[in-house]
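Residue numbers (my numbering), protein chains in the order written: chain L, 2 to 249; chain V, 8 to 674; chain A, -8 to 210. Cβ coordinates follow ideal geometry from the N, Cα and C atoms, glycine included. This structure is a prediction, so every number in the text was calculated from the model and none was measured.
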Amino acid sequence: MKLTLKIWRQENATAKGSMQTYFLKGVSPDMSFLEMMDVLNEQLMEQRIDPVAFDHDCREGICGSCSMFINGEAHGPDRLVTTCQLHMRKFKDGDTIHIEPFRAKPFPVIKDLVVDRTAFDRIQHAGGFVSVNTSGNTQDANATPIEKADADKAFDAATCIGCGACVASCKNASAMLFVSAKVSQYALLPQGQVEATDRVLNMVKQMDEEGFGNCTNTGACEVECPKGISLENIARMNREYLSANVKG
Amino acid sequence: MTKLNAQIPKGPIADKWTNHKNNIRLVSPANKRLIDVIVVGTGLAGGSAAATLAELGYNVKAFCFQDSPRRAHSIAAQGGINAAKNYQGDGDSVHRLFYDTVKGGDYRSREANVYRLAEVSANIIDQCVAQGVPFARDYGGLLDNRSFGGVLVSRTFYAKGQTGQQLLLGAYSAMNRQIGRGKIKMYSRHEMLDLVKVDGKARGIITRNLVTGEIERHAAHAVVIASGGYGNLFYLSTNAMGSNVTAAWKIHKQGAYFANPCFTQIHPTCIPVSGDHQSKLTLMSESLRNDGRIWVPKKKEDAKAIREGRLKPTDLTEDDRDYYLERRYPAFGNLVPRDVASRAAKERCDEGFGVNKTGEAVFLDFAAAIERYGKEKAHVKGLDENDNALVQKLGKQVIKAKYGNLFQMYEKIVDQNPYETPMMIYPAVHYTMGGVWVDYNLMTTVPGCFAIGEANFSDHGANRLGASALMQGLADGYFVLPYTIGDYLADDIRTGSISNDTPEFEKAETNVRAQIDAFINNKGTKTVDYFHRKLGKIIWNKCGMSRNKKGLEEAIAQVKALREEFYKDVFVPGTADSFNEPLAKALRVADFLELGELFAKDALERTESCGGHFREESQTPEGEALRDDKNFTFVSAWEYKGEPSKAKLHKEDLAYENIELKTRSYK
Amino acid sequence: MGVVLSSTILRKFAMASSGLFLMLFLLQHFAINITSVFSETIFNQFSHFMGTNAIVQFVLQPILILGVIFHFVMGFILDIQNRRARGTRYAVYKGRANASWVSRNMLISGGTVLAFLALHFYDFWVPEMNYKYFEFLPQNPDRYYEELVHKFEDLTRVILYVISFVFLALHLSHGFSSAFQSMGFNNKYTPVVKSLGKVYSIGIPAGFAFIAIFHFLNH
C-alpha cells in the first residue's frame, strides 16, 4: 500500500505546530496503525528527520496510551478499537490519512501527537476510590453478595481505559463519559455507596476546574469509545450529582 | 562461589510468616512520617506497595515511565488471580495452592516465600472486593471462579478477560487516595537511570524526566524496585513496548544479584507473528484453554493444504485431527502448565504440522465447547437440544459472555471470526520468572534496596502457573513489603532526611549525563530498533523454547558483538533535553544488550531442563524435560563484575522440607 | 443564577428543565391554536381567557419570557464555553461519523427559532401588548381569530413560519430525549421516551405549520 500522511508536528508544548505531509510506501494491510507509524519513523530517521512522537505502550488495546485522531475520528474509522488495534486493512491503497493529537484545552500537546492527559488523573485523585485501608483486614469477600446484574454493569463501567477518546470526539471536549464511568462503577457497588455523595461532587468539581466542556448529549463519546462505555453512565452520574446537591 | 542466605525464619512452614511478623522490628507512626521511600514502577506490585506504604505513614515518591500509573503493563493481564479461598468447596487450601505453585515452578522456587504467598492470597481478594474491584459473580451474587493450567481446582477469580486491568485500577485508586492526601508524590513520565548508594546503602535514584529531558536526583531512606520483567529482551513479546529491565539492571550493576535470568515463560496461547513489521505479540488468555481444544492435523499433507489455503480447518473430521495435548497428557489435557503446552506446540510445528502461512501456529478450537454449552442452555430453557442452529446460537452466546473481549480482540488483529473457525495460536514470550535476587524480606543484596513483583525472582521457580503473577504482585505490594521494609527502616528513624547534594549523587548524575550525551553524539547509521530486533532474534532462536550448549555459546558471542556494534553505530536523533523516545529506548536497549549475555550464560550453566528452561541435552526418551535435582536444586544469583561475561555465580540452595521433590507429571 | 452556572451538570440540568418547560408551553400553545382550524368561537374563547387572565398574564407570562431568555442566553454561553474547551481546532473533524447533525447543531436550529421568535413577537405579541397595556383599547373577545387569519394572508410570512417550524422540529428532535438524559433519566423506558420525542418533535411543528398553511389557503 502507498499512503499520503498528513501529520500534526509540534516541537514542544510552547512551539507552534502545523500539519506536515509525508509519503509512505510498502505498507502491509496486516500492519497495525502504529506499526505503520513505526515504518514511517524508521524512514524519517534514515532521512535524519526527527521521528513523529506518539504515545503507545501495550499495543493490545488496554493501557489507553495511544491517542491519535485519525481522519477526523478518535482512534480512526473502526469501532471498539484503540489506535494500536486499528489495522491498515481498514484503509485503501493511495489513501490520504490525517493524523492529529487528541485535542482539548485540558490536554495540552507535549510533542507532535503526544498530549498531557494528567487532568484525568487529577479527577481520580479527587474521589476515584473507596476509602478503605489496604491492610486486607476487611470482611470476607463473599460477605456482601452483589446482584449479578449490578456487578456486570459496574464491570462494564470499570473497563474504561482512560484514553480520552470521549473528550477528543466530543464537539464540546466534555469529559463526562470518562468521569461518569468511574462514578458509576462505585455507585453500582455497595462498597462505593458510603462516599457516593462526596465522590460525585468532588470529581465533577475537579472535572470542571480542569476546563472540560459541557455535555450536550450528542452521543459521539459512546460511539468512539474503544470500550463501548454506555451513555447510561452519564445519566447515572447526572442523577447522582443532582441528588448529591439536594443532600448538600 | 559463596552460598547465599535468604534469612528464612525458623519454625514450621505454616508459622514462619506469622512468627516473622511478630518478631520483626517496627517503625512507630510518628517516625514513619520522617522516612521517605522511593517506589519505581506503578504496576500491581509498585502501585499497591506505594499505596500501602503511604497509608502506613511513610512519605512515598512513586515513579513510572508511562503518563499515568494506571497504564503500567499489569493492566494487560487477562485471565485472573489465584487465591486459596476454597469458595467452590473443591478441596482447595493454602497448602494445595502452595504445593501447586512449587510443583508448577518445577521445584526451583523458595518454599517459604511460596507458602507466604499462598497464605496471603485470600486477603488479596477481600482487599480488592472492599476497594470496589468488580470481580465476576454468579447469579447468587457471590464470587465466581474458573480453572487455570496446572491445577485441579477452581481457584481463579476473574473479571472477564480484564482481571489485570481491574486489579490495577484498584491499586491505582488506592494510590489516588494517597496522592490526594499528599502522602504519595507521583512522578509520571520519569525513568530511573541509576541507583545511588551512600555508605553501601541505597539512598536514592537518578531519573530522567521523559518530557523535558531533565536529569533529577531523588533521595530517600529506601528504594523499592517494582519495574516488572524483562521479556522485551526478545524484542517480540507480550510485554508493553516500554517494558524494560533498566531499573533492575541498574541496581544489579550497583551490587544487587540477578537470579535465574534464563527462567523465562513462553506462553502457549498468543496470536502468531504475521510478518517482519510485527512490533509486539498479543496474548490470548490461558482461560481460553478451559474451553478451547488445541489441535493440529494428523496428516502432514492436510497441514500443508491448510497452510496453502486449499483446505479449511473446519473441513477436517475428528479422525483427521490430533488433539496432541489430550493425547500426551490425558490427566490435565489442554490445561497442562504453560511450559509444557508451549513445548508441545513447538514440537508439532517443528515436525511440520503448523497451520498458518509461516508454519508456526496450532489451532485452538471452540466448536466442541459451543456445542456443549449450547445443548446445556437449550436443556435449561426446555428447548430442542437437537436443533443445531439453535444450539450453535445459544452456545456462541455463552462463549461470548465468557470470552467476548478476547474473541473481539482476535478478530480485530487476525481478521477471522473465531466463533466460526478455530483460532490460530503460537507460543510467545510472556513473563520472566528470573529477576533480582531477594531475601525473605524482599531485600536485594544492596541494603535498603528492595525488589517486588515480577522484578524479583522468588516465587515462581522455573515456571509460573497462570493467574499467579497478579497474586504475587499484590501480595508483595499490599501485604509483604510494607511489613518487612520496617525491619530495615527501624535503623533509620534518627537518620533525618537524606540529602541529594552529595558526591555520590553528583557522580551518579554525571555518569547518566555522560551516557546520554554519548548516544546523542554518536551519530551512527542504524536505529535503536535495528539492534533491538537483532538481539531479539538471537535470543529467541538460541535461548527460546529449547536451548543447547552450542547455541548458547553462540548467543553469548553474538550478543557481545552486537553490543559492541551498538555502541559504535547506533543513531539516536534529537536532543537530550527534550521528549525523545529513541533516546529513552537506546538507554533501555543498552541494558538489554548486557542482560542478554548474562541470560545465555545462565542458561549455559544450568545443564538440566526445568520449567521454562529446556536443555536439549537433558530430556527423557519421550522428549519430556529432565530435571537434575542432585546438581541444580539451587538459585543462580549472579554478581556483576564489570561486564556480563565476568559475572560471578552465587548459589542459594533450595531446601524442600515440606514438599517432596518429584518428577513433574501431568500425564 | 450563580449556583445554576457553577457546574457543568447543573448547567445542563438548567438547560434541560428550561427546555422541558418550553416544550410544555409549546404543547399548550398548540392545543389552543389548533382549535382555530375547526372553531372560531372556541379559539376566541381560549385566547380571550389567556389574554385577560391575571395569573396567565402577570405570573405565567413573565416566567415564560424569563424561561425563553434563560434558555437562549444559556445556550450561547454553553456554546462559547464548549468552543473554548477544545482549544486548537482539528484540521479534519468528522462529526457526522459519530453524532447526528441536529445534536451537533442545536445552536443553528435554536438560533433560527430565536429569529423566528422575534418575527412572531413582532407579529402577535407586540401588537397584543400594545393593544392592552399601552393604548388601553376596549376589550374585544372576538378579535383574535380575525387577527390570526389576517396574518397568514401573506405568503412570505407563511413560508418563513414553515421554514422555522422545520428548524423547531430539528431542535426538538434532539432536545426532547436529551433533556431526559440530562436529568438522569436513562433506563429501560428510554426507548419509549425516544419514540415519544419523535412524535412530539415532528407532530407539534407539523401541526403549527398545518395551522399556518390552513389559514393561508382558507382566507
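Amino acids of chain A, ordered along the chain, whose beta-carbon sits closer than 8 angstroms to that of residue i
i, result
"Arg237 (chain L)", "Gly175 and Asn177"
"Val224 (chain L)", "Ala88, Asn89 and Ala90"
"Val205 (chain L)", "Ser(-2), Thr(-1) and Ile0"
"Ser170 (chain L)", "Asn89"
"Lys106 (chain L)", "Arg75, Ala76, Arg77 and Gly78"
"Leu232 (chain L)", "Gln172 and Asn177"
"Met20 (chain L)", "Ala82"
Best match in the options for proximity to residue i [C-alpha to C-alpha]
i, options, result
"Ser9 (chain A)", "A:Thr43, A:Glu31 and A:Phe167", "A:Phe167"
"Gly147 (chain V)", "L:Lys149, L:Thr119 and L:Ser33", "L:Lys149"
"Phe573 (chain V)", "V:Lys530, V:Phe464 and V:Lys557", "V:Lys530"
"Ile15 (chain V)", "V:Val369, V:Ser465 and V:Leu413", "V:Ser465"
"Ser652 (chain V)", "V:Asn518, V:Gly249 and V:Ala607", "V:Ala607"
"Asn42 (chain L)", "V:Ala597, V:Tyr331, V:Pro589 and V:Glu601", "V:Pro589"
"Gly340 (chain V)", "V:Asp327, V:Val47, V:Asn297 and V:Leu488", "V:Asn297"
"Ala255 (chain V)", "V:Val443, V:Ser643 and V:Glu631", "V:Val443"
"Thr5 (chain L)", "L:Ala127, L:Ser170, L:Lys93 and L:Ala152", "L:Lys93"
"Phe164 (chain V)", "L:Asn143, L:Ala120, L:Lys154 and L:Ala158", "L:Asn143"
"Arg103 (chain V)", "V:Ala84, V:Ser128, V:Phe486 and V:Gly86", "V:Ser128"
"Cys226 (chain L)", "L:Thr97, L:His57, L:Gln44 and L:Ile162", "L:Ile162"
"Ala13 (chain V)", "V:Glu659, V:Thr670 and V:Ile666", "V:Glu659"
Chain V residues whose Cβ lies nearer than 9 angstroms to that of residue i
i, result
"Gly193 (chain L)", "Gly139"
Where the beta strand (DSSP E) through residue i begins and ends
i, result
"Cys216 (chain L)", "Unbroken run through Cys216 (chain L): none, as it is neither H nor E."
"Asn216 (chain V)", "Lys208 to Asn216"
"Tyr433 (chain V)", "Met430 to Thr439"
"Asp58 (chain L)", "Run containing Asp58 (chain L): none; DSSP gives neither H nor E here."
"Arg10 (chain L)", "Leu4 to Arg10"
"Gln44 (chain L)", "That residue, Gln44 (chain L), is in no beta strand (DSSP E); its alpha helix (DSSP H) goes Phe34 to Glu47."
"Tyr23 (chain L)", "Ser19 to Leu25"
"Gln1 (chain L)", "What is shown of chain L runs 2 to 249, which leaves residue 1 (chain L) out entirely."
Beta-ladder partner(s) of residue i, from DSSP
i, result
"Asp43 (chain V)", "V:Asn66"
"Phe164 (chain V)", "V:Ile88"
"Asp201 (chain V)", "V:Ile213"
"Trp645 (chain V)", "V:Phe265 and V:Leu656"
"Gly442 (chain V)", "V:Ala266"
"Val577 (chain V)", "V:Lys533"
"Tyr194 (chain V)", "V:Phe70"
"Gln415 (chain V)", "Answer by DSSP bridge pairing: none, since Gln415 (chain V) is not bridged."
"Leu150 (chain V)", "V:Arg144"
Partners in chain A for residue i, counting only beta-carbon separations shorter than 9 angstroms
i, result
"Tyr242 (chain L)", "Ser(-2), Ile0, Leu1, Phe4 and Gly175"
Per-residue contacts from residue i into chain L (C-beta, under 7 angstroms)
i, result
"Gln72 (chain A)", "Gly214 and Asn215"
"Lys185 (chain A)", "Per Cβ cutoff of 7 angstroms: no residues; Lys185 (chain A) is ~12 angstroms from chain L at best."
"Asn529 (chain V)", "Result: empty, since nearest Cβ-Cβ is about 13 angstroms, beyond 7 angstroms."
Under 7 angstroms by beta carbon: chain A residues contacting residue i
i, result
"Thr219 (chain L)", "Ala90, Ser94 and Arg95"
"Asn173 (chain L)", "Asn73 and Ala76"
"His99 (chain L)", "Ala82 and Val83"
Chain-ordered neighbours of residue i on chain V, where CB pairs are closer than 7 angstroms
i, result
"Pro52 (chain L)", "Pro580 and Pro589"
Bounding residues of the alpha helix (DSSP H) (the contiguous stretch that carries residue i)
i, result
"His228 (chain V)", "No alpha helix (DSSP H) contains His228 (chain V), which DSSP labels as neither H nor E."
"Pro182 (chain A)", "Thr181 to Asn209"
"Thr15 (chain L)", "Note, Thr15 (chain L): premise wrong, no alpha helix (DSSP H); not H, not E."
"Phe158 (chain A)", "Leu146 to Ser173"
Chain L contact residues for residue i, given Cβ-Cβ distances below 9 angstroms
i, result
"Lys85 (chain A)", "Asn72, Gly73, Glu74 and Pro78"
Proximal chain V residues relative to residue i, where beta-carbon distance stays under 8 angstroms
i, result
"Asp209 (chain L)", "Those within 8 angstroms of Asp209 (chain L) in chain V number zero; the least Cβ separation is about 17 angstroms."
"Gly137 (chain L)", "Val127, Asn130, Ile131, Asp133, Gln134, Tyr485 and Phe486"
Contacts that residue i makes with chain L (C-beta to C-beta distance below 8 angstroms)
i, result
"Ser169 (chain A)", "Thr217 and Asn218"
Which ranges would you report for the beta strand (DSSP E) in the stretch 283 to 363 of chain V if only whole runs of at least 3 residues count? Within the stretch 283 to 363 of chain V, the complete beta strand (DSSP E) runs of at least 3 residues are 300 to 304.
Please specify which runs of the alpha helix (DSSP H), each continuous and at least 4 residues long, are wholly inside the stretch 509 to 575 of chain V, giving them in chain order. List check, alpha helix (DSSP H) in window: 510 to 529 and 535 to 550.
Segments assigned alpha helix (DSSP H), at least 4 residues, entirely inside the stretch 63 to 120 of chain A: Runs of the alpha helix (DSSP H) inside the stretch 63 to 120 of chain A: 92 to 95, 97 to 111 and 117 to 120.
Quick check for students: name the residue ranges of the alpha helix (DSSP H) that lie wholly in the stretch 354 to 413 of chain V, counting only runs of 4 or more. Taking only runs of at least 4 residues, the alpha helix (DSSP H) segments lying wholly in the stretch 354 to 413 of chain V are 374 to 387.
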